[in-house]
Structures are given as structure tokens and as C-alpha cells.
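Please read the structure below before turning to the comments.
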Amino acid sequence: MVAVTRTPLTAGNWKMNLDHLQALALVQKLHWTLKDAKHEDGSVEVAIFPPFTDLRTVQTLIDADKIPFALGAQDLSAHTSGAYTGEVSGAFLAKLDCRYVIIGHSERREYHNETDEVVAAKVQAALTHGLVPVVCVGETAADLEEFGASAVPVGQLRIALAGVPADADIVVAYEPVWAIGSGQAATPEQAQDVCATLRTVVAEVVGEDAAARTRILYGGSVKSSNIAGFMREPDVDGALVGGASLVADEFAAIIRYQKHVGV
Ligand code: PEP
Numbered sequence: 012m013v014a015v016t017r018t019p020l021t022a023g024n025w026k027m028n029l030d031h032l033q034a035l036a037l038v039q040k041l042h043w044t045l046k047d048a049k050h051e052d053g054s055v056e057v058a059i060f061p062p063f064t065d066l067r068t069v070q071t072l073i074d075a076d077k078i079p080f081a082l083g084a085q086d087l088s089a090h091t092s093g094a095y096t097g098e099v100s101g102a103f104l105a106k107l108d109c110r111y112v113i114i115g116h117s118e119r120r121e122y123h124n125e126t127d128e129v130v131a132a133k134v135q136a137a138l139t140h141g142l143v144p145v146v147c148v149g150e151t152a153a154d155l156e157e158f159g160a161s162a163v164p165v166g167q168l169r170i171a172l173a174g175v176p177a178d179a180d181i182v183v184a185y186e187p188v189w190a191i192g193s194g195q196a197a198t199p200e201q202a203q204d205v206c207a208t209l210r211t212v213v214a215e216v217v218g219e220d221a222a223a224r225t226r227i228l229y230g231g232s233v234k235s236s237n238i239a240g241f242m243r244e245p246d247v248d249g250a251l252v253g254g255a256s257l258v259a260d261e262f263a264a265i266i267r268y269q270k271h272v273g274v
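To convert, count from 1 in the sequence shown and add 11; that's this note's numbering.
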């Protein structure tokens with residue numbers, strides 16, 4: 012595999028939290044916190060994923076104050092337009108300057124019956140509209156016991172990436188379902204093992220170059236106290252953070268992992 016430097020990505024998935032006014036306050040506080048700490052923008056890419064109804068407000072703030080955060084959505088429709096009540100097109104997200112879109116989060120798979128095929132269609136829709144899909148895969152506790160850690164995420168990723176062109180920009184997030192919101196994170200070694208395996212899947216399905224440049228994130232109970240361990244691993248290129256991304260000081264400390272701990 013070609014050696015490339017991958018800029019770490021810290022992504023904050025707000026889930027269904029914060030209205031658009033609360034969103035403004037959090038983004039401003041996060042920005043000031045990083046500025047006060049003299050955080051070096053560019054050392055780590057920061058992306059935030061507010062609810063759909065907050066996107067326009069956050070886009071306007073980021074633009075007006077030149078805040079160096081990328082914007083993303085938590086889902087998109089597999090369709091471009093038409094009679095799909097309640098759905099949001101990738102075309103609309105692109106118009107709001109969204110760069111990223113989370114696809115296949117375990118909560119969408121579990122509560123909205125999103126199959127691997129739906130996830131694959133959404134990945135194609137994201138690419139059609141120039142969005143970078145953040146493809147989430149991960150095993151449940153029962154899967155872990157029955158099949159081990161890698162089998163389910165590997166199967167999910169193979170289907171999600173089928174047909175993705177070799178030059179596509181994608182992000183993969185390994186999120187063991189048992190670690191999400193549980194306070195029980197995977198160990199850095201567990202995350203490394205699965206992320207390294209997922210990289211071989213990207214190589215097989217999309218190509219070697221894509222595998223070398225694709226950021227593979229770990230997600231599941233990431234906090235400022237455990238982020239450094241994950242970031243020391245060679246195949247973990249960042250984190251997808253849920254609960255801790257809603258607290259400005261804590262998310263800032265996760266973003267600043269290079270400073271407050273020796274990596
Ligand atoms: C998530 O929902 O993507 C997530 C990783 O949540 P948490 O950080 O709260 O475990």
C-alpha cells in the first residue's frame with residue numbers, strides 16, 4: 012500500500028440534540044475554546060454533524076466567522092428528488108455547503124431498518140452530489156460473541172462500497188454497537204485490529220490508493236481521556252464522537268489530543 016499522510020478527522024455526531032439556537036451557542040463556544048487554547052487549525056480536521064434543522068444556521072455562522080469546521084449531515088435520502096415525504100436530498104445538503112454525510116449509523120440500521128443495500132444506495136447518492144460519505148459499520152455485542160469483532164463490519168463495508176469509484180473520497184467509521192453511548196469503549200488494540208482489516212476491504216473493493224488515503228475512524232464512547240490511545244494506532248485516523256461532542260470543553264480536548272497527551 013502506498014504510504015500517505017492522512018489528516019486526522021475528529022467528527023462530532025450531535026444526533027437528535029440541540030435546536031438551531033443551541034447549535035449556534037455550541038459552535039461559538041467550541042471555536043472560542045480552541046482559539047483560547049491556541050489550537051493549530053489544520054493539524055486535525057474538525058467536522059460537526061448537527062440535526063438537519065440546524066444546518067442553515069450553522070452554515071451561516073461558519074461562513075460569517077470563518078470558523079474552520081466542516082459541516083455534515085447525519086443522513087440523506089437515496090433519492091435525488093420527488094415524492095419521498097420527510098426525506099432530505101444530498102443535493103440540498105450540498106447547497107448548504109455540507110462536505111460530509113454520515114451513512115449507516117447503527118441507530119439508523121436499528122430504528123429505521125436500514126439494510127446494507129439501503130446503505131450502499133445512500134453511499135452512491137452522497138457521491139452523486141459531491142458529498143463525502145462517512146460509512147458506519149460495526150458489530151453488536153451478540154455479533155461479537157458469535158462471529159468475533161471483524162466479520163460483521165467487514166461484510167457491511169463490502170456491500171456499502173460496492174461500485175464506489177477508485178478516485179472517490181470516502182471516510183469509514185468503525186463503531187462497535189456495544190461501545191456506542193455505553194461508556195465502554197473498545198481498547199485501542201481492538202480498534203486497530205478491526206480498522207486495519209477494514210483498510211484491506213477498502214483496498215480490495217475500491218483500490219490500493221483509496222485504502223491508503225481513506226480515513227478510518229473509531230467511534231464508541233470516545234472521550235478526552237481515551238482519545239490518545241486510539242490515535243496512537245496506525246490505522247485509526249480519527250474519531251466519530253457522539254455524546255462528548257455536545258460539550259464544548261470536552262470536544263475541544265478531544266480535538267486537541269496532540270497537545271494534552273504525548274502521542
Ligand atoms: C455515535 O453515536 O456515533 C457515538 C460514537 O456515540 P458515543 O460517542 O456517545 O458513544
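Note that the Cβ used here is the ideal one computed from N, Cα and C, for glycine as well.
Give the straight-line distance between the Cα atoms of residue i and residue j, rounded to the nearest whole angstrom.
i    : j    : result
I114 : A48  : 32 Å
A89  : T44  : 37 Å
A207 : F80  : 27 Å
V15  : D220 : 9 Å
E150 : A263 : 28 Å
D30  : F103 : 19 Å
K270 : G194 : 24 Å
A203 : A58  : Sequence inspection shows Gln at residue 203; the Ala mentioned does not correspond to that position. So the two alpha carbons sit approximately 22 Å from each other.
G97  : T68  : 20 Å
P61  : E157 : 35 Å
A84  : V252 : 14 Å
F241 : Y95  : 40 Å
V274 : A196 : The pLDDT assigned to V274 is 45, lower than 50, so where the model puts this residue is not dependable; a value taken from the coordinates is nonetheless given after this. Each residue's alpha carbon lies about 19 Å from the other.
T198 : T211 : 20 Å
S92  : A137 : 13 Å
E121 : V99  : 20 Å
R267 : A179 : 28 Å
N28  : R224 : 32 Å
D154 : N124 : 17 Å
N237 : V112 : 25 Å
Short of 7 Å in beta carbon distance, which residues of its chain neighbour residue i, apart from the five on each side in sequence? Order them along the chain.
i    : result
R226 : R17, L20, V182, D248 and G249
D52  : P79
V205 : A160, S161, P164 and Y185
Q70  : L82, L107 and D108
A132 : A89
S117 : C147, G149, E186, V188 and I191
D246 : Q203, C206, A207, R210 and I227
Where DSSP assigns a beta bridge to residue i, which residues make up the other side?
i    : result
F60  : N24
P144 : V112
L41  : According to DSSP, L41 bridges with nothing at all.
F80  : V57
Might you give, ordered along the chain, the residues of its own chain that have their beta carbon closer than 8 Å to the beta carbon of residue i, omitting 5 neighbours on each side?
i    : result
I78  : V38, H42 and L72
V146 : I114, G115, V130, V134, L168, A171, L172, I181, V182, V183 and A184
E261 : K234, S235 and A255
What does a CB cutoff of less than 6 Å around residue i pick up in its chain, not counting 5 residues either side in sequence?
i    : result
V175 : V217
D65  : H31 and A34
A22  : A58 and L251
V55  : P19, T21 and I266
Rounded to whole angstroms, how far is the Cβ of residue i from the Cβ of residue j, which I believe are closer than 8 Å?
i    : j    : result
L82  : R110 : 6 Å
G101 : T126 : The pair is not a contact, with the Cβ atoms about 19 Å apart (cut-off 8 Å).
W189 : A239 : Going by Cβ atoms, the distance from W189 to A239 rounds to 22 Å, so no, they are not a contact pair.
K40  : A259 : 4 Å
G141 : I191 : Not a contact, Cβ separation roughly 28 Å.
In terms of residues, what are the limits of the beta strand (DSSP E) holding residue i?
i    : result
R243 : Run containing R243: none; DSSP gives neither H nor E here.
A250 : G249 to V252
G166 : First-last for G166: A162 to L172, but that is the alpha helix (DSSP H), not the beta strand (DSSP E).
Need the endpoints of the alpha helix (DSSP H) that residue i sits in, please.
i    : result
R210 : P199 to V216
A184 : That residue, A184, is in no alpha helix (DSSP H); its beta strand (DSSP E) goes V182 to Y185.
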